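S.K.:
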Amino acid sequence: LFLAKCLNDSFFPAAHFVHHMLMKNESGKKLSKSSGDHSLKFLRNKYNRPTIVYQQSAEILDLPFEDIQTLQDLIEVFRTEMIQRKSLIAFDD
21 LFLAKCLNDS FFPAAHFVHH MLMKNESGKK LSKSSGDHSL KFLRNKYNRP
71 TIVYQQSAEI LDLPFEDIQT LQDLIEVFRT EMIQRKSLIA FDD
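Anchor point for the sequence shown: position 20 equals 40 in my numbering, and the numbering is continuous, going up by one each time.
1) Taking the alpha helix (DSSP H) that E96 belongs to, which residues open and close that run?
2) Would you kindly check if the distance between the Cβ of L94 and the Cβ of A78 is under 8 Å?
3) Under 8 Å: do the region 42-59 and the region 67-75 share three or more Cβ pairs, one atom per stretch?
4) Please classify I103: is it buried, with 16 or more other beta-carbons within 10 angstroms of its beta-carbon, or exposed?
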């Protein structure tokens with residue numbers, strides 16, 4: 021935010037940030053590219069359609085993922101779930 025203000029960037033300081041819980045793999049260890057976990061770039065290159073990336077992102081965040089087909093679906097599920105889990109997540113203003 022400091023750099024955006026110094027550069028007179030009006031868009032970035034107006035953004036809302038969501039701090040999610042630590043994302044972990046199946047064995048309970050935190051996800052980390054340095055540990056060999058996949059990046060979004062890797063997933064985009066591996067799959068020929070983004071639906072799988074949206075669904076896997078939702079699954080990792082412990083969101084209902086089966087019906088997600090588009091980015092808009094993921095956003096709506098995220099918003100709905102975060103409202104229900106309000107005490108587990110912090111939103112920056």
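Each residue gets a CB set at the ideal place from its N, CA and C atoms; glycine is no exception. Since we're looking at a predicted model, the values are computed, not measured.
M.R.: Inspection of the coordinates gives the following:
1) Here the alpha helix (DSSP H) through E96 covers 91-104.
2) yes
3) Too few Cβ pairs lie closer than 8 Å, so no.
4) exposed
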